[in-house]
């Protein structure tokens, strides 16, 4: 007997998979013949009935009777309520409501007005690879649910979408296929846009942005020019990470621990190149301090703080000389104690420093003195542009300073190591600290800063250096400026021309954008592809009008994504990147949703650019994101050879034994890993949706795990069957209420008996508790799995209600209405149909059902004021190692605070009796019920 593993299989898939089985048994195989056979109840190879729905899918599964085509009904189409909720009902519900839900969102978006309170929900925009993956489905399902919820709460909601469209993948794909990366990217965008629409995701598509279009990158170039004019964008020679496969520079963060490129896997080489940088180190201290003002971000704040490091020092600028003559070279050197900079004895560089490589004007003078393994005094001196004091430049015997720095200032008075180096090389220095009897230190021989305490001098010296623009910006020893140069074609051109007379000159604003030229071909070899565009490269200097050459490096794509959240607020503005009053209205983003892999680099760069825009007067807010919601991965089960590590398809594995083994021989290692085609563990979202439906997939994603945790995709777990059963139970509740009102009796609450009144009150309490909890989950902790669990609990309460309560109580009616309304943001199609059926019941008791309009146009339910008044206390069940030992009354307002509840329990008679002399390892407060469990040592 052949077995069916899907309850919703396309006809084409059915023919392909089962055709041979029908032929073997001598049955007809055309579609018409199969339908005739089914309707005539002829023998069938699967020994089960099959039925056709209007959406041309063959439904397979055991049934008691055979239905002819098109006998299923949909209330919204026919006005006839179907009492059964089957897979074809789900299909028809989604087919009917999908375009209506999306059209209503767009209609409402056009009618939004600024009189409402704004809510900006933003999901990280995708790279247009051409196909969505389940990670996309997860992040956009979350943003879609939040967007619907906030609109139901009466907010003006912005939920935009766009495309992070520049970058290496498109260029490499174009090289492999001999295509233009622009054509490749645009076709992928069109494909993915259609996939997002198929998922019923309601974005503000009228605000769509695409980073590879000139109307977007024109303003990326504009912001670069503002950075350049502020002294924050600069070019210098640097030893960089070079990917020999992708033939481009990589940031340190794009190289893994084994020294390989995170994208190509190639072993990274060190190469000296002239590169463009953005001086993000100047903003290190403000970016670090601003973290204190933000809510907790699932550990991301700690990651950001660690990335920046402790900002206890700063850089000072030096001008280099050889034999007393200026060389034109400048150098920034780090001091961990900037207040004692007047006591510097030397500046030291590492043997790997850029000055010892390439075409540096001081290279020859440095190499004359260089001896590996020793501290080498050189002919080069360094003039501190802040103190005006000149010190020798030496090459250190070390290979690294603090693991990150390559240039440091040596102050013997503050460091035993610096003192040892200065004495060994017979260097002189100025004493700048005077220690008093009480241990306090003040500055001497430090110009106008003499007499200040070290703490006072730290602030004064760094501030003065910043004012003079010669350093002084507090930063850490580990942070580096942002290297943005990329030696590839498919990126934002850097708007700079190089002139022999004028040097590096930015393109005038009125000449933006500097558009990407068409190039003859992309090979991925040799110099930057833009070098081949001779008519584009050769130009006139904007200053002197003499011959010049355009910059042929393009920008790192992180520059494009560092400001896209601003552009969404004013996406079609041809005159400026965005208008301030629009950005100030929408910013900061209320909830920013995306993968945790972007929690360091992208988030840091986006925060930096927002701080910069604030200083430029472009916006009012420094921080761009109020709340960050990071999402975990969706992992698939993977099978690989235990010995060789080769990933296997399921068809290549024998599962008949206790442990799976490869058909080719050898044990198989089973793990859960990020979904990938190469690992044969990926899922096509469209196939999953076709099988289970949009709402089921949405509910599964929201219910399977909290957003920040990984989901192990396994349809056999409780999560998927659970949400399928829940949808059916919701349908049955509406069916039961409609049926009860069809009995002919007019509902009359006065007919309720004592027990029924008590049950109605319980329903009322459960409804209000559910509203309170679900609203909190949507606004505070984003535990959508807990929200669904709470709604399932309310469903249980309503399912067990007596007939009299169902027939005559307004509490049942209003609780069911609230249940459907709270389900709507997560399962909009099903909720739309349930609401349509609910609003048409006979003789409704509640005015809620008389409002009119579709479910997503309704107001979000609110807690009844009477519920908030009683009780003032809640009884919390106390468990010790999972065993009940009593109850303790605690104030309602602190009943969700584990530390407060634990304290009150320990002070109570129950706590004194059972816990006073026991060692508590952990206290667990249930998020769903009034219960606290103490884990203690036995």
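Numbering (our numbering), first residue to last: 19 to 956.
For glycine and all other residues, C-beta sits at the position ideal for the given N, C-alpha and C.
Distance from residue 460 to residue 469 at the Cβ level is roughly 6 Å; contact confirmed, criterion being Cβ atoms closer than 8 Å. When C-alpha distances from residue 123 are compared across 104, 165, 156, the shortest belongs to 165. If you ignore the 5 residues before and after residue 365, its C-beta comes within less than 8 Å of the C-beta of 336, 349, 351, 400, 409, 410, 411, 412, 425, 426, 427, 428, all in its own chain and listed in chain order. Residue pairing by DSSP places residue 128 in no beta bridge whatsoever. Between residue 816 and residue 834 the beta-carbon gap is near 6 Å, inside 8 Å, which marks them as a contact. Going by beta carbons, residue 147 and residue 199 fall outside the 9 Å limit. For the 9 Å CB-CB criterion, residue 742 and residue 710 form a contact.
When C-beta atoms of the region 818-829 are compared with those of the region 773-783, three or more pairs fall below 8 Å, so the two segments count as touching.
Counting along the chain, no alpha helix (DSSP H) covers residue 550, and no H or E run does either.
Between residue 933 and residue 924 the beta-carbon gap is near 6 Å, inside 8 Å, which marks them as a contact. In this chain, residue 902 is not harboured by any alpha helix (DSSP H); it is covered by the beta strand (DSSP E) spanning 901-909.
With 16 or more other Cβ atoms inside 10 Å of its own Cβ, residue 570 counts as buried.
Beta-bridge partners assigned by DSSP to residue 353: 332. The beta strand (DSSP E) runs of length 3 or more contained entirely in the region 640-687 are, from start to end of the chain, 643-649, 652-659. Distance from the CA atom of residue 513 to the CA atom of residue 568, rounded to whole angstroms, is 8 Å. Rounded to the nearest angstrom, the gap between the Cα atoms of residue 702 and residue 155 is 10 Å. Residue 955 counts as exposed, since fewer than 16 other C-beta atoms from the protein chains shown sit within 10 angstroms of its C-beta. The way I'd put it, the region 528-538 does touch the region 230-237; three or more beta-carbon pairs between them come closer than 8 Å. Ranking 947, 663, 917 by CA distance to the CA of residue 940 puts 917 first. Taking C-alpha positions only, residue 636 is separated from residue 731 by approximately 44 Å. In the DSSP assignment, the residues bridged to residue 566 are 517, 557. Restricting attention to 682, 654, 652, the CA atom closest to the CA of residue 662 is found in 682.
The C-beta of residue 324 has fewer than 16 other C-beta atoms within 10 Å across all chains shown, which makes the residue exposed. Counting the other CB atoms within 10 Å of its CB gives residue 590 a total below 16, which places it among the exposed residues. Excluding its 5 nearest sequence neighbours in each direction, residue 508 has C-beta neighbours in its own chain below 7 Å: 184, 185, 188, 189, 199, listed in chain order. Boundaries of the beta strand (DSSP E) around residue 287: 287-296. Cβ-Cβ distances below 6 Å link residue 110 to 92 in the same chain, with the five nearest sequence neighbours on each side left out; the list follows chain order.
Per DSSP, reduced to three states, the secondary structure at residue 208 is helical. When DSSP states are grouped into helix, strand and coil, residue 718 belongs to the helix group.
Residue state for residue 256 is assigned as strand, using DSSP reduced to three classes. With contacts defined as CB atoms closer than 9 Å, residue 611 and residue 647 qualify as a contacting pair. By the criterion of at least three beta-carbon pairs nearer than 8 Å, the region 576-587 is in contact with the region 612-624.
Per DSSP, reduced to three states, the secondary structure at residue 822 is helical. If you check the CB distance, residue 269 and residue 500 come in under 9 Å. Sequence-distant partners of residue 372 (beyond 5 residues in either direction) whose C-beta falls short of 6 Å from its own C-beta, in its chain, are 255, 256, 257.
Secondary structure note for residue 451: its beta strand (DSSP E) is the uninterrupted segment 451-453.
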